[in-house]
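Start counting the sequence shown at 262; every next residue gets the next number (the working numbering).
Encoded as structure tokens, the structure appears first; notes follow it.
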Amino acid sequence: MLNWNIRSHINASMPKDFDQAFKSYQETLNSSEIGFFHLPQNKELLLSTQAVYEKFKHKKYFIHVGIGGSALGPEMLLKALGSSKGVEFIFLNNIDPDDFHRQLKKVNLKEAVIYIVSKSGTTAETVAAMSILANELNKVGIQENQYKDFFVFCTDPEKGDLRKIGAKWNIQTLSVPANVGGRFSILTPVGFLPMLFAGISPEHVLKGASALQNKLSNKSECEDFFKLATWINELHDQGIRQTVMMPYSSLLKEFSAWFVQLWGESLGKDGKGLTPIPAYGATDQHSQMQLFMEGPEDKTIFLIEVEKFQHDYELKNNIPGESFELLSQFSLGTLMRAEFEGTLAALAENKRHVVHLKIPTLNEESLGQLILFSECLTVLVGQMIKVNPFNQPGVESGKKYAYAWLKSHS
Ligand code: PA5
Numbered sequence: 262m263l264n265w266n267i268r269s270h271i272n273a274s275m276p277k278d279f280d281q282a283f284k285s286y287q288e289t290l291n292s293s294e295i296g297f298f299h300l301p302q303n304k305e306l307l308l309s310t311q312a313v314y315e316k317f318k319h320k321k322y323f324i325h326v327g328i329g330g331s332a333l334g335p336e337m338l339l340k341a342l343g344s345s346k347g348v349e350f351i352f353l354n355n356i357d358p359d360d361f362h363r364q365l366k367k368v369n370l371k372e373a374v375i376y377i378v379s380k381s382g383t384t385a386e387t388v389a390a391m392s393i394l395a396n397e398l399n400k401v402g403i404q405e406n407q408y409k410d411f412f413v414f415c416t417d418p419e420k421g422d423l424r425k426i427g428a429k430w431n432i433q434t435l436s437v438p439a440n441v442g443g444r445f446s447i448l449t450p451v452g453f454l455p456m457l458f459a460g461i462s463p464e465h466v467l468k469g470a471s472a473l474q475n476k477l478s479n480k481s482e483c484e485d486f487f488k489l490a491t492w493i494n495e496l497h498d499q500g501i502r503q504t505v506m507m508p509y510s511s512l513l514k515e516f517s518a519w520f521v522q523l524w525g526e527s528l529g530k531d532g533k534g535l536t537p538i539p540a541y542g543a544t545d546q547h548s549q550m551q552l553f554m555e556g557p558e559d560k561t562i563f564l565i566e567v568e569k570f571q572h573d574y575e576l577k578n579n580i581p582g583e584s585f586e587l588l589s590q591f592s593l594g595t596l597m598r599a600e601f602e603g604t605l606a607a608l609a610e611n612k613r614h615v616v617h618l619k620i621p622t623l624n625e626e627s628l629g630q631l632i633l634f635s636e637c638l639t640v641l642v643g644q645m646i647k648v649n650p651f652n653q654p655g656v657e658s659g660k661k662y663a664y665a666w667l668k669s670h671s
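Written out as structure tokens, the structure reads:
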């Protein structure tokens with residue numbers, strides 16, 4: 262099971278009124294307007310995705326089109342858990358024409374399933390990518406009445422352009438529940454369909470999430486969780502407003518990117534917020550770590566330790582030289598452990614504020630726990646710093662101006 266420990270000279274304490282804080286938190290998680298917490302129990306979403314998968318599972322390419330919460334989760338799942346079914350994945354998560362060119366060159370569109378993911382069904386970047394893909398299909402002789410054999414949509418159950426076009430073109434259209442926002446949507450068909458094509462078990466990811474859900478629903482079991490959020494709030498009030506996410510794992514590098522969106526977009530508003538900084542160890546020990554260690558004392562540093570890697574390599578060697586000889590006694594996994602322990606000790610010596618997260622190994626279940634942990638912590642910290650973690654008015658205003666610019670230039 263995922264566990265966490267605070268390592269800081271600023272002590273963690275329970276919220277002043279734990280009963281009230283726990284009650285408000287449960288009210289939020291169980292409110293009919295907020296759906297992410299109960300996704301592990303929603304069997305319907307997985308069943309509908311499995312049915313779509315059955316129809317398209319012969320395809321050799323999976324093109325995932327989306328942005329923000331409609332892309333970061335799937336990319337993170339693929340990077341963390343890998344792909345074992347031989348399907349080639351292409352992520353179109355931006356509107357860089359050169360990147361489109363490079364990525365589309367690799368694909369035989371006739372053998373591709375194109376997954377268009379947009380909760381709102383109107384996001385400009387995603388609409389643009391879909392238009393290009395429709396044109397590309399036309400170029401290889403595929404007409405509108407055949408789009409249903411290539412496109413799958415994932416969007417709001419009722420609203421938006423994608424829902425309407427899906428009905429018109431008879432396209433398989435999966436749903437993101439209306440009460441689940443983009444960055445909280447990874448455990449819905451948004452993440453399930455790519456998982457199935459990659460050979461990742463959504464059931465096991467949900468099982469992991471469900472274990473954490475049980476813990477956080479039980480008042481006596483989640484005291485440590487409230488202490489953690491109270492401590493982050495305390496640090497926020499003292500001006501310590503940057504949050505580093507640093508797993509010691511290359512495979513969790515994209516987890517940091519996913520976390521950045523969740524934390525930044527949910528908590529940064531009303532002049533408040535915590536600036537997320539993505540990192541990964543040991544690589545960033547040779548980069549940003551100098552800043553984390555001796556720069557301004559304005560950061561909370563989440564370090565994720567993977568206790569046991571699933572593979573390992575002995576470093577035994579006959580190469581002359583002191584460093585080769587020392588390493589010769591160990592394995593690559595042990596070296597990672599040494600670097601992790603070294604960083605923990607050095608951060609403590611430098612009086613930095615650290616949260617040590619530990620998972621037994623990286624697999625579907627532990628990733629499910631990390632996902633729900635991050636989502637729930639974001640919501641609880643939002644409650645404590647008094648912001649609404651579920652909206653993104655700043656992002657919306659940027660979108661509005663971009664559309665206005667397009668209209669004025671059309
Ligand atoms: O978290 C969010 O709501 C946003 O980051 C969205 O995921 C992002 O803007 C993409 O929106 P949509 O899924 O509607 O295309």
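Yeah, the Cβ is synthetic: ideal placement off N, Cα and C, and Gly gets one too.
For clarity, every value in this text was computed on a predicted model and none was experimentally measured.
Sub-8 Å separation of residue i and residue j beta-carbons
| i | j | result |
| --- | --- | --- |
| ASN440 | GLY347 | no |
| LEU512 | ALA341 | yes |
| GLY334 | ALA470 | no |
| LEU552 | HIS497 | no |
| THR604 | GLY542 | yes |
| LEU448 | LEU300 | yes |
| ASN611 | GLU555 | yes |
| PRO508 | VAL521 | no |
| LEU307 | LEU618 | no |
| ILE501 | HIS614 | yes |
| LEU564 | LEU576 | no |
| GLU349 | LYS321 | yes |
| ARG424 | GLY382 | yes |
| HIS362 | GLU625 | no |
| ALA273 | TRP492 | yes |
| PRO450 | THR310 | yes |
Neighbourhood of residue i by C-beta distance below 7 Å, restricted to the same chain and skipping five residues each side
| i | result |
| --- | --- |
| VAL648 | LEU528, LYS530, ASP531 and LYS533 |
| TRP430 | GLU405, TYR408 and LYS409 |
| SER293 | ASN440 |
The ligand PA5 heavy atom lying under 7 Å from the CB of residue i
| i | result |
| --- | --- |
| ARG598 | no |
| SER658 | no |
| ARG424 | no |
| GLU336 | no |
| LYS380 | yes |
| ILE562 | no |
| GLY330 | yes |
| GLY525 | no |
| THR384 | yes |
| THR434 | no |
| GLY296 | no |
| GLY327 | yes |
| THR387 | yes |
| GLN404 | no |
| GLN653 | yes |
| GLN522 | yes |
Contacts around residue i, its chain only, beta-carbon distance under 6 Å, and the 5 residues preceding and following it disregarded
| i | result |
| --- | --- |
| LEU353 | VAL326 and ALA390 |
| PHE298 | LEU290 |
| LYS569 | THR622 |
| ALA385 | none |
| GLY343 | none |
| GLY452 | GLY334, PRO335 and LEU338 |
| ARG598 | none |
| ALA332 | ASN354 |
heavy atom of the ligand GTP below 7 Å from residue i C-beta
| i | result |
| --- | --- |
| ARG444 | In terms of ligand content, the structure shown lacks the ligand GTP and carries the ligand PA5 instead. |
Contacts around residue i, its chain only, beta-carbon distance under 8 Å, and the 5 residues preceding and following it disregarded
| i | result |
| --- | --- |
| CYS483 | PHE283, LYS476 and LEU477 |
| LYS208 | In the structure as shown, the chain begins at 262 and stops at 671. Residue 208 is therefore absent and cannot be evaluated. |
| ILE432 | TYR408, LYS409, PHE412, VAL413, PHE414 and ILE426 |
| GLY655 | GLY529 and LYS530 |
| SER285 | GLN644 |
| THR639 | LEU523, TRP524, SER527, LEU528 and PRO650 |
For residue i: DSSP bridge partner residues
| i | result |
| --- | --- |
| TYR314 | Beta-bridge pairing links TYR314 to no other residue. |
| TYR322 | GLU349 and ALA373 |
| TRP265 | LEU618 |
| PRO335 | PRO335 pairs with nothing; no bridge assigned. |
| PRO537 | THR504 |
(message) Quick check on the DSSP output: what are the complete alpha helix (DSSP H) runs of length 4 or more inside the segment 363-441, in order along the chain?
(response) Runs of alpha helix (DSSP H) with 4 or more residues, each lying fully within the segment 363-441, are found at 385-400 and 422-430, listed in chain order.
(request) Could I get the ranges of all uninterrupted beta strand (DSSP E) runs contained in the segment 467-515, with 3 residues as the minimum, in chain order? (result) Runs of the beta strand (DSSP E) inside the segment 467-515: 503-508.
(message) Going residue by residue through the segment 561-645, where are the continuous beta strand (DSSP E) segments of at least 3 residues, counting only ones entirely within it?
(response) Whole beta strand (DSSP E) segments, 3+ residues: 614-620.
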